[in-house]
Amino acid sequence: MLLRKYMSLLGIGSAKIDLVLSKESYTPGELIKGYFFLKGGTIEQQLKRIDCDFVRIREAGEEEAILDSTTILTSTLLQSEESNQIPFSFKLPSELLPSGSETTYRFKTRLHFKEGVKSIDQDLIQIV
């Protein structure tokens, strides 16, 4: 049991997060709906917060800009192998440029624990 705890602190067998969206393509100004899917690891872990950034990446200049950010503070105890869902909604800005070879958009999600390595997820979306 102690070995599993220390492995979890290093990120091996720790809880994971996945942002699940209803679709992949959106228009500027559209409301995105989905949920954060939490999956417990090999031991119970105390959650601290969930950060989700909406990011634009411009390939030519290798520029990454955070356009908006959301933080959910929590003190939930996620049991071993437990699954949980937290609703997610986000209204896209109306002045977004369409996705293409030069510009991409994504959500970068991070699950922070009271102890241990954070879990990271990235979800690419298309703006049409």
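Note that the working numbering has the sequence shown beginning at 46, numbered continuously upward. Backbone N, C-alpha and C define an ideal beta-carbon position, used for all residues, glycine too.
So if DSSP puts residue i in a beta bridge, which residue, or which two residues, is it bridged to?
i, result
"Ile170", "Tyr150"
"Leu102", "Looking at the sequence shown, residue 102 is not Leu but Ile. DSSP output for Ile102 lists Glu109, Thr149 as bridge partner(s)."
"Gln124", "DSSP, once it has assigned bridges, lists no residue as partnering Gln124."
"Pro138", "Bridge partners of Pro138: none, in fact."
"Thr115", "Cys97"
"Ser189", "Within the shown structure, residues of the chain are numbered from 46 to 173, placing residue 189 beyond reach of any answer."
Report yes if the CB atom of residue i is closer than 7 Å to the CB atom of residue j, and no otherwise.
i, j, result
"Cys97", "Thr119", "no"
"Gly86", "Ala60", "yes"
"Glu69", "Gln167", "no"
"Ala105", "Glu140", "no"
"Phe158", "Ile77", "no"
"Ser125", "Ile88", "yes"
"Gly74", "Leu142", "no"
"Phe99", "Asp113", "yes"
"Ile102", "Thr149", "yes"
Apply the 10 Å Cβ neighbour rule to residue i and answer buried if 16 or more other Cβ atoms are within range, or exposed otherwise.
i, result
"Leu123", "buried"
"Ile117", "exposed"
"Ile111", "exposed"
"Gln90", "buried"
"Ser164", "buried"
"Leu47", "Bear in mind that the predicted position of Leu47 carries a pLDDT of just 48, short of 50, making it unreliable; the figure below should be weighed with that in mind. Its Cβ having fewer than 16 others within 10 Å, Leu47 is exposed."
"Leu83", "buried"
"Leu92", "buried"
Taking 8 Å as the threshold, find out whether the segment 151-158 comes into contact with the segment 58-69 through three or more Cβ pairs.
Because the criterion of three Cβ pairs below 8 Å is met, the segment 151-158 and the segment 58-69 touch.
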